[in-house]
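Only one structure is covered here, and it is reproduced in the block below.
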Amino acid sequence: MSEIDYRKVGLKVGLEVHVQLNTKHKLFCKCSTEMKEKEPVAIIKRKQHPVPSELGEVDVAAQYEYLRNRNFYYQVFKNEVCLVDLDEQPPLPLNQEALEIALQIALLLNCSIPEEIHVMRKTVIDGSTPMGFQRTMIVGYNGFLSYKGKKVEIKHVCLEEDAAALVKEENGNVTYRLSRLGIPLVEISTGILEGFSPEEIQEIAYFIGLTCKSTGKVKRGIGTIRQDLNVSIKKGKRVEIKGVQELGLLAKVIELEVKRQLSMEKVEEETRAALPDGTTKFLRPLPGAARLYPETDIPPIQISKDLILKVKKSLPEPWTKKLVRFKTKFKLSEDLAKQIIRSDYLEIFEKIVEEKKVDASIVANTFISTLKDLEKREKINVEKLSEKHFLEIFDALAKKKLIKEAIPEILAYLAKNPESSVNTAIKELNLTPISLKEVREIAKSIVYPDMPFEKALGLVMSKVRGRAEAKEVAKIVKELLK
Numbered sequence: 019m020s021e022i023d024y025r026k027v028g029l030k031v032g033l034e035v036h037v038q039l040n041t042k043h044k045l046f047c048k049c050s051t052e053m054k055e056k057e058p059v060a061i062i063k064r065k066q067h068p069v070p071s072e073l074g075e076v077d078v079a080a081q082y083e084y085l086r087n088r089n090f091y092y093q094v095f096k097n098e099v100c101l102v103d104l105d106e107q108p109p110l111p112l113n114q115e116a117l118e119i120a121l122q123i124a125l126l127l128n129c130s131i132p133e134e135i136h137v138m139r140k141t142v143i144d145g146s147t148p149m150g151f152q153r154t155m156i157v158g159y160n161g162f163l164s165y166k167g168k169k170v171e172i173k174h175v176c177l178e179e180d181a182a183a184l185v186k187e188e189n190g191n192v193t194y195r196l197s198r199l200g201i202p203l204v205e206i207s208t209g210i211l212e213g214f215s216p217e218e219i220q221e222i223a224y225f226i227g228l229t230c231k232s233t234g235k236v237k238r239g240i241g242t243i244r245q246d247l248n249v250s251i252k253k254g255k256r257v258e259i260k261g262v263q264e265l266g267l268l269a270k271v272i273e274l275e276v277k278r279q280l281s282m283e284k285v286e287e288e289t290r291a292a293l294p295d296g297t298t299k300f301l302r303p304l305p306g307a308a309r310l311y312p313e314t315d316i317p318p319i320q321i322s323k324d325l326i327l328k329v330k331k332s333l334p335e336p337w338t339k340k341l342v343r344f345k346t347k348f349k350l351s352e353d354l355a356k357q358i359i360r361s362d363y364l365e366i367f368e369k370i371v372e373e374k375k376v377d378a379s380i381v382a383n384t385f386i387s388t389l390k391d392l393e394k395r396e397k398i399n400v401e402k403l404s405e406k407h408f409l410e411i412f413d414a415l416a417k418k419k420l421i422k423e424a425i426p427e428i429l430a431y432l433a434k435n436p437e438s439s440v441n442t443a444i445k446e447l448n449l450t451p452i453s454l455k456e457v458r459e460i461a462k463s464i465v466y467p468d469m470p471f472e473k474a475l476g477l478v479m480s481k482v483r484g485r486a487e488a489k490e491v492a493k494i495v496k497e498l499l500k
């Protein structure tokens, strides 16, 4: 990506990967985590100010946010926001489902599990929570991730509340959606990564994300996985970079930050926000330890040996073993196997290949290549496609109600008509498979002696495309030309 010698400049990076858990309820209340409501039922206005930590100190980042003197407006949504989110009611007991998922992730990352969990409050007065703090707790520590024969240190795994989602900011007035606030979030923090290139650090982040996804209990979509970085170079100071939304942008963010620091005579400790093009902008001074203090509304949580045993018994297949299985059992290439494991369609892929008698490579390529082509070339909104659509398509393929060449056209139809079915799409698009005998008859009416093969094939395919497999059509055309 660049000509920088990262070992020579002394690149050090600390990585934090944040992953939303797909639980039914929020972390400390019974509100839904679906975030489906569109119209707020109320708007709450608040101002925020910093409070001292348990040592009596006020965090410098909190002081900075206070001096910005902004007004915060919070959108409240039916069934997705309650008095706990507004700090008008004490939190309910910790969500047990979220705890067990977090413990799974900690164990998959080879962490030690504390015998007792203590919930802490982290001062946050940038408006992203109306409470002025975020609840967080360590559920795993002293772990590691194997990468290229090395052990990457996992300092800790935390379970915490996600922040509210920013809607807009103008003239000192900031609006947030509270439906995201309180959704269970796992934060995985690495030790200092030295001797790695930005591309390798990005890959480490990928593998951490894959470990979380292997539980099958994390949310999908934009904003459900976010990365923060701490970057420094030789004789420099630590700079925190918040909110890298796209994992594929991580290496570029690191490279541009190194270039920024190399171009400066004096690097200040600060927090910067990641921008969509990989650059960053100043956000606030770097926060310190003074922003943490105990959550007195929640007693310490005992982690029993029985609970650890229960979680260990339910541990999912590690992604490394899944990769081997995909290559041996399903005959996928290493590249295709890695891509499907990294994709948002891993769970539905596994469900299809286990339940339907279809070629796994066709299923994988549909998710990895076909959907991307529909998005880029035809501007199809593939987000409209549901699991039900994919199950119907591959069920029809297994029962020979359609051929693989028809899949892109059917997907495009269903994305435009999500309430429709595969059977309806086949009928409307005239994609019912035809027999080889019918193909031969059609070809006979088109092909004549000495016709160029490419021309003959093109003309026949124009009549049978999506209803007959291309390789069978080509075989028949060759026979007729002989």
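Using my numbering, read the sequence shown as starting at 19 and increasing by one per residue.
All C-beta atoms, glycine included, are put in the ideal place defined by N, C-alpha and C.
For residue i, is the beta carbon positioned less than 8 Å from some heavy atom of the ligand MN?
i             : result
threonine 442 : Inclusion of the ligand MN in the displayed structure is not the case, the ligand content being empty and no account of it being possible.
For residue i and residue j, I'd like the C-alpha separation in whole angstroms.
i                 : j                 : result
arginine 16       : glutamate 171     : Outside the shown range of the chain (19 to 500) lies residue 16, about which nothing can therefore be said.
phenylalanine 385 : glutamine 357     : 9 Å
valine 27         : lysine 328        : 47 Å
isoleucine 13     : glutamate 446     : Because the chain spans 19 through 500 in this model, residue 13 falls outside it and cannot be assessed.
valine 262        : isoleucine 326    : 33 Å
lysine 496        : alanine 414       : 29 Å
leucine 364       : alanine 355       : 10 Å
valine 400        : glycine 241       : 18 Å
leucine 177       : isoleucine 366    : 27 Å
glutamate 490     : histidine 174     : 56 Å
threonine 450     : isoleucine 444    : 6 Å
proline 111       : leucine 267       : 37 Å
leucine 104       : isoleucine 272    : 36 Å
isoleucine 156    : lysine 186        : 32 Å
methionine 19     : isoleucine 460    : Residue confidence is low: methionine 19 scores 48 on pLDDT, short of 50, so the model does not pin down where it sits. Its coordinate-derived value is still stated next. Taking the straight line from one Cα to the other gives about 53 Å.
threonine 297     : alanine 269       : 11 Å
glutamate 313     : glutamate 179     : 13 Å
leucine 280       : arginine 139      : 36 Å
glutamine 320     : glycine 200       : 22 Å
serine 404        : asparagine 191    : 38 Å
alanine 183       : methionine 53     : 11 Å
asparagine 441    : phenylalanine 162 : 49 Å
leucine 196       : glutamate 288     : 27 Å
Does DSSP put residue i in a helix, in a strand, or in coil?
i                 : result
proline 305       : coil
phenylalanine 344 : helix
histidine 136     : coil
serine 50         : strand
alanine 382       : helix
isoleucine 210    : strand
arginine 244      : strand
leucine 126       : helix
methionine 19     : Only weak support is given to the placement of methionine 19: the predicted model assigns it a pLDDT of 48, under 50, and the question is left unresolved by the model.
alanine 181       : coil
threonine 154     : strand
lysine 323        : helix
threonine 233     : coil
lysine 330        : helix
lysine 394        : helix
isoleucine 370    : helix
isoleucine 272    : helix
proline 501       : Outside the modelled stretch of the chain, which goes from 19 to 500, sits residue 501, for which no answer is possible.
threonine 388     : helix
valine 400        : helix
glutamate 352     : helix
glutamine 107     : coil
Which partner residues of residue i appear in the DSSP bridge assignment?
i                 : result
phenylalanine 162 : Glu171
glycine 32        : Ile210 and Asn248
phenylalanine 300 : Arg290
isoleucine 510    : Residue 510 cannot be examined here, being either before or after the span of the chain that is shown, 19 to 500.
glutamate 205     : His36 and Cys176
lysine 186        : Thr193
tyrosine 14       : Because the chain here runs from 19 to 500, residue 14 falls outside it and cannot be looked at.
My assumption, with CB atoms under 8 Å, is that residue i sits in contact with residue j. Please give the rounded CB distance.
i                : j              : result
isoleucine 259   : valine 204     : Going by Cβ atoms, the distance from isoleucine 259 to valine 204 rounds to 20 Å, so no, they are not a contact pair.
phenylalanine 46 : valine 102     : 6 Å
threonine 41     : glutamate 115  : 5 Å
glycine 32       : asparagine 248 : 4 Å
leucine 499      : alanine 474    : 6 Å
alanine 430      : leucine 392    : 6 Å
proline 334      : glycine 234    : 6 Å
arginine 238     : aspartate 362  : 5 Å
isoleucine 421   : glutamate 373  : In fact, because the Cβ distance is near 20 Å, the residues do not count as touching under 8 Å.
List in chain order: all unbroken alpha helix (DSSP H) runs of 4+ residues lying wholly within the stretch 407-457. 425-434 and 440-446
Counting only runs of 4+ residues fully inside the stretch 472-499, write out the alpha helix (DSSP H) ranges in chain order. 488-499
Hey, which unbroken runs of the beta strand (DSSP E) at 3 residues or more fall wholly within the stretch 37-104? 60-64 and 89-94
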